[in-house]
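Asks:
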Amino acid sequence: MEIVRRDRRSVIGIEVVADFDELSTAVPAAWTELFARRNELPPPMDGAFVEVSAELGEGRYREVVGVTVPPGTAVPDGMHTVDVPAGRFVSHRHDGAVGTIADGFGTIYDWAERNTLRLGGWKVDHGYQPGFSHTDHELLIDVLD
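In this text, residue positions in the sequence shown follow the working numbering: the first is 667, and each later residue adds one.
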């Protein structure tokens, strides 16, 4: 667990806007669509696919599953772009099943509480591959100054 500084990043992919309890079905469907359409996207800049989550309030979230791209990259029809702002993030390396990634984010929250850090609403999960093969994931949550 460490605090890292990240530059602004742009992610293009399939967008889901839903209540928290709907994410467990909507996000896997978005991944299926993304991998079926991955030839419409440039190769991931950093070698893996990414999921970005932003809290919208009142239990709603915006998730974009896709690839990190250079600013100004053309967005394919039916896809969206999200810009994750630059800043400080808590970074945690998750080496486990995709189904336990939520536990990895929980570990970040626990660590931040013990270290009196206030976390924001941006979450980044970098490390997905087509077919969801087992790979390490870098999990990030923004730190509020």
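Ideal Cβ positions, reconstructed from N, Cα and C, are used throughout, including at glycine.
(1) Name the residue from Leu700, Asp811, Glu688 whose alpha carbon lies nearest to the alpha carbon of Val677.
(2) Let me make sure I understand the geometry here. Which of Thr801, Thr734, Leu785, Val741 has the alpha-carbon closest to that of Gly762?
(3) Quick check: what's the CA-CA separation for Ala740 versus Arg780?
(4) Indicate whether Asp769 and Leu785 have their beta-carbon atoms separated by less than 9 angstroms.
(5) CB-CB under 8 angstroms to Pro736, same chain, minus the five flanking residues each way: which ones, in chain order?
(6) For Gly787, collect the residues of the same chain with a Cβ closer than 7 angstroms to its Cβ; drop the 5 residues on either side in sequence, then sort them by chain order.
(7) How would you label Gly793, buried or exposed, when you count the other beta carbons within 10 angstroms and need 16 or more for buried?
(8) When DSSP labels each residue in this structure, what does Asp802 get in the three-state scheme?
(9) Sort out for me which residues DSSP pairs Tyr775 with in a bridge.
(10) Is the separation between the beta-carbon of Phe715 and that of Gly744 shorter than 9 angstroms?
(11) What residues in its chain sit with their C-beta under 6 angstroms from that of Leu806, if we drop five residues either side in the sequence?
Replies: Let me lay it out:
(1) Nearest C-alpha to Val677: Leu700.
(2) It is Thr801 whose Cα lies nearest to the Cα of Gly762.
(3) Going by C-alpha positions, Ala740 is about 42 angstroms away from Arg780.
(4) Against a cut-off of 9 angstroms, the Cβ pair of Leu785 and Asp769 comes out as no contact.
(5) Cβ neighbours of Pro736 beyond the five flanking positions: Ser676, Met711.
(6) Correct list, in chain order: Ala720, Glu721.
(7) It is buried - the Cβ of Gly793 has at least 16 other Cβ atoms within 10 Å.
(8) In this structure, Asp802 counts as coil in the three-state DSSP scheme.
(9) Answer by DSSP bridge pairing: none, since Tyr775 is not bridged.
(10) Not a contact, by the Cβ cut-off of 9 angstroms.
(11) Closer than 6 angstroms at Cβ, skipping near neighbours: Phe755, Ser757, Val790.
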